[in-house]
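Engineer:
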Amino acid sequence: MSDQRRPYRMRRRAELEQRTRQRITESTVELHGTVGPARTSISAVAERAGVRRSTVYRHFPDEAALFAACTSHWMAANPLPDIGRWAAIDDPDERLRRALQELYAHYRRTERMMENVLRDEATVSIVKRMLGGYRDYITAARGTLMGGRRVRGRERRRVLAAIGHALAFATWRSLVREQGLDDSQASELMCRLVLAADCRANR
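In terms of the numbering used here, the sequence shown opens at residue 531 and continues consecutively.
1. So, using beta-carbon positions, are residue 717 and residue 696 closer together than 9 Å?
2. Below 9 Å between beta carbons: does that hold for residue 622 and residue 705?
3. Compute the beta-carbon to beta-carbon distance between residue 654 and residue 537, rounded to the nearest angstrom, for a pair I have assumed lies under 8 Å.
4. According to DSSP, is residue 580 part of a helix, a strand, or is it coil?
5. Could you give the DSSP three-state label for residue 571: helix, strand or coil?
6. Would you mind reading off the limits of the alpha helix (DSSP H) that contains residue 615?
7. If distances are taken between C-alpha atoms only, which option among 598, 611 and 649 comes closest to residue 554?
8. Could you check how far apart the C-beta atoms of residue 644 and residue 699 are, in whole angstroms? I think they sit under 8 Å.
9. Taking contact to mean 3 or more Cβ pairs, one atom from each stretch, closer than 8 Å, check whether the segment 578 to 597 and the segment 630 to 638 are in contact.
10. Buried or exposed: which applies to residue 579, given that a residue is buried once 16 or more other Cβ atoms fall within 10 Å of its Cβ?
11. Let me make sure I understand the geometry here. Which of 709, 725, 721 and 661 has the alpha-carbon closest to that of residue 685?
12. Ordered along the chain, which non-local residues of its own chain (more than five positions away) have a Cβ less than 7 Å from that of residue 561?
13. When DSSP labels each residue in this structure, what does residue 709 get in the three-state scheme?
14. Could you give the C-beta distance for residue 629 and residue 671, rounded to a whole number, given that I count them as a contact under 8 Å?
15. What residue range is occupied by the uninterrupted alpha helix (DSSP H) comprising residue 697?
16. I'd like to know if residue 590 contacts chain D, where contact means its C-beta is closer than 9 Å to some C-beta of that chain.
17. Cutting at 8 Å between CB atoms, please list the residues of its own chain near residue 640, excluding the five before and the five after it.
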């Protein structure tokens, strides 16, 4: 009887361990979204998850492992807009408009987390590393949104700068939270900025 029940006990233990790991990960995400990574200690994670510190370390031997799990979990629940869908739009101005509408909606949904991690990037080295994927995304998005814009030299640099500025979380937050625009107004204003930077489009 004991041998027959062993597989069940092993499966049950594995399930409980997975639930504990998930609870620790979710607790870390919650803390990052409320107080920020810099103020999230292992003790705070353990308390929020209802486990001991040693249990946290058993599942995540260091901060890098914990942050990686936290980032993966959060990104799965809050995926960035698909750049491929933007690339399928031929008209560069319409492509930019669609991109900003989708990205600004994403920023609104994830505002607290974005604000916290970007704030802590300068003081927590692991946060800076974890944000590498987001930085790469913005770089790729800027490249996609430059497609079809026949500008060179100084004009190209100016348009690239305008698009990069439009894509930044800080830009969205300034226009919406400080200047009182809604997402649609903010995206339209940034479209006009890029159009103004593209001198060829105004000839």
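Even for Gly, the Cβ is constructed at its ideal location relative to N, Cα and C. It should be emphasised that the depicted structure is a prediction, and the values quoted were computed from it without experimental measurement.
Structural biologist: By the coordinates alone:
1. Yes, the Cβ-Cβ distance between residue 717 and residue 696 is below 9 Å.
2. no
3. Rounded, the Cβ-Cβ distance is 43 Å, inconsistent with contact.
4. coil
5. coil
6. 613 to 617
7. 598
8. Contact flag correct, Cβ pair sits at about 5 Å.
9. no
10. buried
11. Nearest option by C-alpha distance: 725.
12. 570, 574, 575 and 578
13. It is coil, neither helix nor strand.
14. 7 Å
15. Run containing residue 697: 683 to 697, per the alpha helix (DSSP H) assignment.
16. Absence of chain D from the displayed structure is noted, only one protein chain being present.
17. 608
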